[in-house]
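Taking it in order: structure first as structure tokens, then the write-up.
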């Protein structure tokens, strides 16, 4: 059992090294740290990009665990609950109403708007018949579609379609340089918060009866979960765009292997999300080198294959 | 002591409970019986604060349900609702471990681990403790939930039809365990039971409900009688004595149902293998 985390850590470390070394600009391992060009590329581009990918992957995967325990359904992710689109709507609104607002105000508005969208999703889910598990993801997709359409329409009216496109189109990291990704640390912090409340989310997913019986304030935990999911989605969407599937498939794979004891599984989910996203980002960088394919596109392919495999393959006995 | 005063409850427009006044004594195994739709589960769920109180007042060991924080109540009463399907993929030991959560809020101590071990052992789950809940049978999952409730270690246990899914041996074992808990550790148990003979054999105090009202309460000898039970369930019953307790017979009144069965001949006898 101790071999598995070691191997996983080694894979992640190799991916990080590859990410630091690969890109349009050539830098070699032979080049000493003192060499200006190598240092510049590393510190201004490669390292920020690698960190951005790791933070995004980890935070999205953890947000996936959280939203799945809030709605008690494995077939949803932060990207299929209308959260990202709601964040975009908030950001669009603040851009139109107060274009000069400082960046932190914009981020707060985007997060609050994402929270409102998530709350709406949870309200809808509460009204669905419990046994119809597939209605939950469908409701999420419909809600995402509607809010996304509203964003597109307003942006079209206001001639801001290109501006909005960077959030709603498939996300990518090629534009990440030092100074343009740091908001993702907030997403990482929100994921860390989820780990501190891991037991609460695990108990909440046992149902309202059990949670109440154990003295848990279900409303409080729901609110905390909404904050985590919304902040992660808002930061990711506004910094790098929509990243599909990470928050959906990683929690599912980890739950199959190690179950839903979130105190133990959230770190694994975070590492898994980071690793998956970094691997896909690397593929996107390699396939048409020196050009790039957006990681969102790669994930769309890889993620849907993994998801179909999850749907058709019954759970392994652990 | 649980004190229930003037509790009335509706679901939508439908009245479920009518102005219930009831005192449940401490240190007893209390069975709530009655026909379907009598309001037993609703009353239990109200005591367990699983439903919001609409009218009236409920106090448990002096704690007013309406004003006491839910985490404080979790140290006084443990609750097992009617089994709903749980999609969460936990191991048996992890589920039972959550029973201690009200005590440690995430940092289990040696005493918590010991309580979990004992609860697993008490419900015959020691060998299943590392299995996932979705890989065991419904009855085994039911026992895991019961073990979680036991591990909580509260003075009061509130159980809504805990015998669902349990076979004869495990049902009997559970009732014996509950009785043991009451007599050995001075704890109090309130449980909804459908099969009156479990109440007859094990309960200290029986509360009979019908149509949202309490129609009788007291020791089994006074409540589990032919007139009370026949009126309660609208079906003829015969009460005998067995093991110095009431034994209710109600499976044998075919003629009263208007479908007399042919008299058995020897050839109909089942053969034993």
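Residue numbers (the numbering used here), protein chains in the order written: chain A, 1 to 318; chain B, 1001 to 1273.
Backbone N, C-alpha and C define an ideal beta-carbon position, used for all residues, glycine too.
It should be emphasised that the depicted structure is a prediction, and the values quoted were computed from it without experimental measurement.
About 5 Å separates the CB atoms of residue 1092/B and residue 1129/B; that is less than 8 Å, so the two are in contact. Listed along chain B are 1090, 1091, 1094, each with a C-beta nearer than 8 Å to that of residue 261/A.
Rounded to the nearest whole angstrom, the CA to CA distance from residue 270/A to residue 179/A is 24 Å.
Here residue 1183/B is exposed. Its C-beta has fewer than 16 other C-beta atoms within 10 Å.
Look at residue 1191/B: its C-beta is not under 7 Å from any C-beta on chain A. Taking the C-beta atoms as reference points, residue 1094/B is found nearer than 7 Å to residue 261/A.
The C-beta distance from residue 1208/B to residue 1201/B rounds to 16 Å, too long to fall under 8 Å, and the pair is not in contact. Under the DSSP assignment, residue 1023/B falls in the beta strand (DSSP E) whose first and last residues are 1014-1024. Only residues of its own chain outside the window of five on either side were considered, and among them 1116 have a CB closer than 6 Å to the CB of residue 1097/B, listed in chain order. The criterion of a C-beta distance shorter than 7 Å is not satisfied by residue 129/A and residue 75/A. Only those residues of the region 1058-1077 of chain B whose C-beta falls short of 7 Å from the nearest C-beta of chain A are listed: 1070, 1071, 1073, 1074.
C-alpha of residue 1033/B to C-alpha of residue 151/A: approximately 57 Å in a straight line.
Residues of chain B whose Cβ lies closer than 8 Å to the Cβ of residue 212/A are, in chain order, 1048, 1049, 1050, 1070, 1079. According to DSSP, residue 183/A shares a beta bridge with no other residue. Residue-level contact check: residue 205/A touches chain B, since one or more beta carbons of chain B fall below 7 Å from its beta carbon.
At a Cβ-Cβ threshold of 7 Å, residue 282/A and residue 18/A count as neighbours.
Under the three-pair Cβ rule at 8 Å, the region 1139-1154 of chain B does not count as touching the region 1016-1030 of chain B. Considered as a whole, the region 1130-1205 of chain B harbours 1138-1151, 1168-1185, 1196-1202 as its complete alpha helix (DSSP H) runs of no fewer than 4 residues, in chain order. Only exposed fits residue 1054/B, as fewer than 16 other CB atoms lie within 10 angstroms of its CB. Against chain B, a Cβ distance below 9 Å from residue 215/A picks out 1069, 1070, 1071, 1072, 1073, 1074, 1075, 1101, 1102. In this structure the region 1183-1197 of chain B does not touch the region 1099-1106 of chain B; the number of beta carbon pairs closer than 8 Å is below three.
With its beta carbon at least 7 Å from every one in chain B, residue 68/A lies outside the interface. Residue state for residue 1250/B is assigned as coil, using DSSP reduced to three classes. The C-beta of residue 1034/B comes no closer than 7 Å to any C-beta of chain A. Contact residues of the region 71-104 of chain A toward chain B are 72, 73, 74 (C-beta to C-beta distance below 8 Å). Residue 139/A does not reach chain B, its nearest Cβ partner there being about 17 Å away, counting only Cβ pairs nearer than 7 Å. Shortest Cα-Cα distance from residue 79/A to any of 27/A, 101/A, 117/A involves 117/A. For the alpha helix (DSSP H) assignment, the uninterrupted runs of no fewer than 4 residues enclosed by the region 110-176 of chain A are, from N- to C-terminal side, 135-157, 161-168. Between the beta-carbon of residue 193/A and that of residue 228/A there is about 6 Å, and that keeps the pair under the 8 Å contact cut.
For residue 194/A, no Cβ of chain B is located within less than 7 Å of the residue's own Cβ.
For chain B, none of the residues of the region 278-306 of chain A brings a beta carbon within less than 7 Å of one of its beta carbons.
Residue environment: residue 1142/B is assigned as buried (16 or more neighbouring CB atoms within 10 Å of its CB, all protein chains considered).
With respect to the C-alpha of residue 1017/B, the residue from 1136/B, 1025/B, 1051/B, 1001/B having the closest C-alpha is 1051/B. Interface criterion not met: the Cβ of residue 1123/B is under 7 Å from no Cβ in chain A. Listed in chain order, the positions of the region 240-261 of chain A with a beta carbon within less than 7 Å of a beta carbon of chain B are 255, 259, 260, 261. For the beta strand (DSSP E) assignment, the uninterrupted runs of no fewer than 3 residues enclosed by the region 1027-1087 of chain B are, from N- to C-terminal side, 1029-1033, 1055-1060, 1077-1080.
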